[in-house]
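Every letter in the sequence shown is one number past the one before it in my numbering, and letter 5, counting from 1, is 552. We treat Cβ as the ideally placed atom computed from N, Cα and C, and that holds for glycine. Encoded as structure tokens, the structure appears first; notes follow it.
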Amino acid sequence: TYTFITRLELQKLKTEIAKIDDDAFVVEHSVGDIKGGMTKRRSLGD
548 TYTFITRLEL QKLKTEIAKI DDDAFVVEHS VGDIKGGMTK RRSLGD
């Protein structure tokens with residue numbers, strides 16, 4: 548599963564992941580050079 552978030556949402560997402568699984572494997576990558584596709588904006592609670 549891939550999740551795209553803004554840099555402003557990054558710390559909140561990390562906090563939520565740690566609540567569920569403190570040993571979770573998470574990969575972060577800048578998407579500045581990715582183009583195309585459809586995206587839907589949703590809050591972390593969705």
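8 angstroms contact criterion, which residue i and residue j should meet: CB distance rounded
| i | j | result |
| --- | --- | --- |
| residue 552 | residue 560 | 6 angstroms |
| residue 564 | residue 573 | 6 angstroms |
Residue i (DSSP reduced to helix, strand or coil)
| i | result |
| --- | --- |
| residue 581 | coil |
| residue 553 | coil |
| residue 566 | helix |
| residue 559 | helix |
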